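J.:
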Amino acid sequence: MTGASRLPLMWLAQRIGMMLLTLLAIITLTFALMHAVPGGPFVSEKMLAPEIEAALNAKFGLDQPIWRQYLNYLGGVLTFDLGPSFKYPGVSVNSMIADGLAVTAQTGLLAMICVVAVGVPAGIVAALNRGRWPDTLAMFLASLGIAVPSYVIATVALYIFALRLGWTPAFGLDDWRGYILPVVALSGFWMSFVARLTRSNLLETMSQDYIMTARAKGLPARTVMLRHGLRNSLIPVVTVLGPVVANLLTGSFVIEQIFALPGIGRHFVQSITNRDYTAIMGITIFYAVFLMLMILIVDLLYLWLDPRISYGDRK
Amino acid sequence: MTRPAIAPDMWLPLDPQTGRPGDPVVGSASLGFWAGVRSRLWRHRPAMAGLGFIILLIVAAVFGPMLSPYSYFQQNLELSNLPPVYRPYTVAEGVQVHVNTSNLSLYEVGDGGGLTGLLRPDGRDMINRQTTWEIAGKTVVLDYGQRPAVLTIDGEVAQAGGRKLNRRNPFGTDQLGRDVLVRQLYGARISLLVAAAAVLANFVIGVVYGGVSGLLGGRVDAVMMRIVEIVATIPLTLYVILMMVVLQSGLLSVVLAIGTVYWVDMARVVRGQILTLKSQDYVAAARTMGASTSRILFKHLLPNAFGPILVTLTMLIPSAIFIESFMSFIGLGVTPPQASWGTLTSEAVETLRAYPHQLFFPAVAISLTMLAFNFLGDGLRDALDPRLSS
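As given, the protein sequences belong to chains A and B, one line each in that order.
Residues in the first sequence are numbered from 234 upward in steps of one, following this note's numbering.
Residues in the second sequence are numbered from 351 upward in steps of one, following this note's numbering.
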């Protein structure tokens, strides 16, 4: 790579173009699906007088031709206006998202920190003690964490720690103890996954030649592993952070329901059971944008961490 | 100087069993690739345990509900929330009862040790918080003024006997009196149905899509992979939810969503494999002999990519099963009275305070299944690539 800048602008432009294309596909898909619902949004309601239904349709622009509605919606999304909620009068989808974002972001961020701050050290300890009891214990727990679904972890933990022992509140986030169970349940899978990944990567890196060189010049095994091995074995861990975000997002649906947290996930599930079409569309699109941004950030992080990688001059 | 005498028979090969010179065995027949994989997999204990569990699960899910005297939707409100294990009270010789201290009811213990019927109280004293039964000529009083409730027989405080298994409903009953065992097995059927959908989608769409994309390369590959990228941006859960809104049926939308978008990971894996395999000499040889593109793909390339395909599949199946139970848990999956491990868990959560044991079976079932598939996947990966095994 000969460019002076490490940040390939062409690549970035391509990525953003791709993101916009993806976004358009998602908007079109959700729009088409929501309008494919038999009958329309007001049919399932109690019998409405035809005039009222017509007035409602006019109010929400549903009397216009479908392409017109589509363009209107597209225009709305581009100006960050996701429209009004169909079920809660006077509430906009924007405000629903803004409402839940703080809660979801807090638990999500804490879970993310847990994934890295627990998963990586656990993997290192396991690799350092390969074949001995810390390794066995860590990998046993990691196997459990990968196999046991988050909702099972959440309900079992809820029963033991909140109902039986009374150490943590069963719902809500009123004090710091309320965060423990949701965050652990949310991050359990990826904590385990990252621990396993770190361990296997570290062990694989340790069989490389430059590690042998470091050992040969007399450095102690621990220093070699932590200083020389760890750096390179962490790069694959960064790649899973993108999927982690996506997973924490969908994981929040169930965690927020079990612990009664007023986050976006709960709003989303509620709007599905309420058949609140604009809310479903809006939150889906919000999720998509958020995810794409996160994946982009992870890719940039990757670039920054590993100088060998270049996105610029790919053939 | 004398040389050590080396008799000609000292050059004979050693018998591999006895370690002494014997039959001229030169070596065992060399194993084929798949034979090697099989033998390595066979020795991988967790993987074999996982495989055994999966086979057991399939057999139980297919035949279990047929053998059960109950159906998954058959309700019996009189016999609701019965435990799988209980401690009976002996009222008289051969007459035993089970006390449910949560709903303050007495149940008759049948001959075989099953809880067969609800005993109707003969008197209720709400003020003193007592319920009275006349059983086998004795007066049985349940005093729930104190906690836990106390049972007295003819004025004497009764002691519960040792633990006994509920023979009528080995896993107990749920809050509508349905047999939990048969509902568990029904849930296993749903999970396996979803797994089958995932396998089918990955084999039919994922493998072919990735294969075509990798083999053709160039512009076709670029477009096909852009499509995969777009599809892969959105988590499967969101697709299921969107479909669920339209179709109104959770199970159908899970299966459909898996069928339409769950093949992208497989497509990526297969594409990567094909990209490395297609520059091999045997592909060039096949091409010079006039083999068509589809023949090269299906006869030469895909069989060689089978190992990674299999490993990816064992990783994708548990996530498909998880998605279904996850959706069912949040109430967007199968509709009642159908039972899935997710709905069984969420039903258990509703009665968590009074009957925590109801959480046990669905939680264990889903966890063991996930564990089994994970072990099998790990074992397969190690068996296919011995260098990777730690």
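Cβ atoms here follow ideal geometry from the backbone N, Cα and C, with glycine treated the same way.
Treat the numbers as computed from the prediction; the structure is a model and nothing was measured.
#1: What does a CB cutoff of less than 6 Å around Asp362(A) pick up in its chain, not counting 5 residues either side in sequence?
#2: Under three-state DSSP, which class holds Ala268(A)?
#3: Closer than 8 Å is the cut-off here; do at least three beta carbon pairs connect the segment 625-635 of chain B with the segment 497-509 of chain B?
#4: Closer than 9 Å between beta carbons: that is the criterion. Which residues of the segment 502-513 of chain A meet it against chain B?
#5: Do Leu315(A) and Met445(A) count as a contact pair if the criterion is CB distance below 9 Å?
#6: Give, in chain order, every residue of the segment 540-558 of chain B whose Cβ lies closer than 8 Å to some Cβ of chain A.
#7: In the DSSP assignment, what residue or residues form a beta bridge with Trp483(B)?
#8: Quick check on DSSP: helix, strand or coil for Thr502(B)?
#9: Does Arg528(B) pass the burial test, meaning 16 or more other C-beta atoms within 10 Å, or should it be called exposed?
#10: Evaluate Phe672(B) with the Cβ neighbour count: other Cβ atoms within 10 Å of its Cβ, from every protein chain shown; 16 or more gives buried, anything less gives exposed.
#11: Looking at the secondary structure, which residues open and close the alpha helix (DSSP H) in which His707(B) lies?
#12: Ala350(A) and Ala359(A) - do their beta-carbons sit closer together than 9 Å?
#13: Please report the distance separating the alpha-carbon of Val385(A) from that of Ala670(B).
#14: Excluding the 5 residues flanking Tyr535(A) on each side, which residues of the same chain have their C-beta closer than 8 Å to its C-beta?
#15: Kindly list, in the order they appear in chain A, the residues whose Cβ is closer than 8 Å to that of Ala410(B).
#16: Among the residues of its own chain, which have a CB less than 8 Å from the CB of Thr685(B), if the five just before and after it don't count?
#17: Just the C-alpha distance for Ser466(A) and Leu398(A), rounded to the nearest angstrom, thanks.
#18: For Ala357(B), which of helix, strand or coil comes out of DSSP?
#19: For Tyr494(B), which residues from the same chain have a beta carbon less than 6 Å from its beta carbon, with the 5 sequence-adjacent residues on both sides left out?
#20: Does any CB atom of chain A fall closer than 9 Å to the CB of Leu647(B)?
#21: Nearest CA to the CA of Gly609(B): which residue from Arg618(B), Pro712(B), Tyr589(B) and Phe679(B)?
#22: I'd like to know whether the C-beta atoms of Tyr420(B) and Lys514(B) end up nearer to each other than 9 Å.
#23: Ser452(B): which of Leu391(B), Leu702(B), Val557(B) and Arg518(B) sits nearest, CA to CA?
#24: Are the segment 411-429 of chain A and the segment 338-345 of chain A touching by the rule of at least three beta carbon pairs closer than 8 Å?
#25: Taking the straight line between their C-alpha atoms, what separation do you get for Ala380(A) and Arg388(B)?
#26: Note the first and the last residue of the continuous alpha helix (DSSP H) segment covering Glu437(A).
#27: Quick check on the burial criterion: 16 or more other C-beta atoms within 10 angstroms. Buried or exposed for Tyr705(B)?
#28: Got a sec: which bits of the segment 366-383 of chain A sit with their beta carbon under 9 Å from any beta carbon on chain B, in order along the chain?
#29: Quick one: give me the first and last residue of the alpha helix (DSSP H) that Tyr422(B) is part of.
#30: Tell me, to the nearest whole angstrom, how far the beta carbon of Leu531(B) is from that of Ser418(B); I am working on the premise that it is less than 8 Å.
#31: Using a Cβ cut-off of 9 Å (strictly closer), state whether Gln441(A) contacts chain B.
#32: Taking only beta-carbon atoms, is Asn480(A) less than 9 Å away from chain B?
#33: Pull up the DSSP beta-bridge partners for Val440(B), would you.
#34: Taking 9 Å as the threshold (C-beta atoms), are Leu307(A) and Ile260(A) in contact?
#35: Does the beta carbon of Phe486(A) come closer than 9 Å to any beta carbon on chain B?
#36: Cα separation between Leu726(B) and Leu666(B)?
T.: The short version:
#1: Note that residue 362(A) is Asn in the sequence shown, not Asp. Cβ neighbours of Asn362(A) beyond the five flanking positions: Asp368.
#2: Note on residue identity: the sequence assigns His, not Ala, to residue 268(A). In the structure shown, His268(A) sits in a helix (DSSP, three-state: H, G or I).
#3: no
#4: Val502, Ile505, Thr506, Arg508, Tyr510 and Ile513
#5: no
#6: none
#7: Val490(B)
#8: strand
#9: buried
#10: buried
#11: His707 to Leu734
#12: no
#13: 16 Å
#14: Ile468, Val471, Thr472 and Ile542
#15: Result: empty, since nearest Cβ-Cβ is about 19 Å, beyond 8 Å.
#16: Ser599, Gly600 and Leu601
#17: 40 Å
#18: coil
#19: Leu454 and Arg479
#20: no
#21: Tyr589(B)
#22: no
#23: Leu702(B)
#24: yes
#25: 24 Å
#26: Arg410 to Thr438
#27: buried
#28: Ser376, Leu377, Ile379, Ala380, Val381, Pro382 and Ser383
#29: Run containing Tyr422(B): none; DSSP gives neither H nor E here.
#30: 7 Å
#31: no
#32: yes
#33: Here residue 440(B) turns out to be Thr, not Val, going by the sequence shown. According to DSSP, Thr440(B) bridges with Gln446(B).
#34: yes
#35: yes
#36: 12 Å
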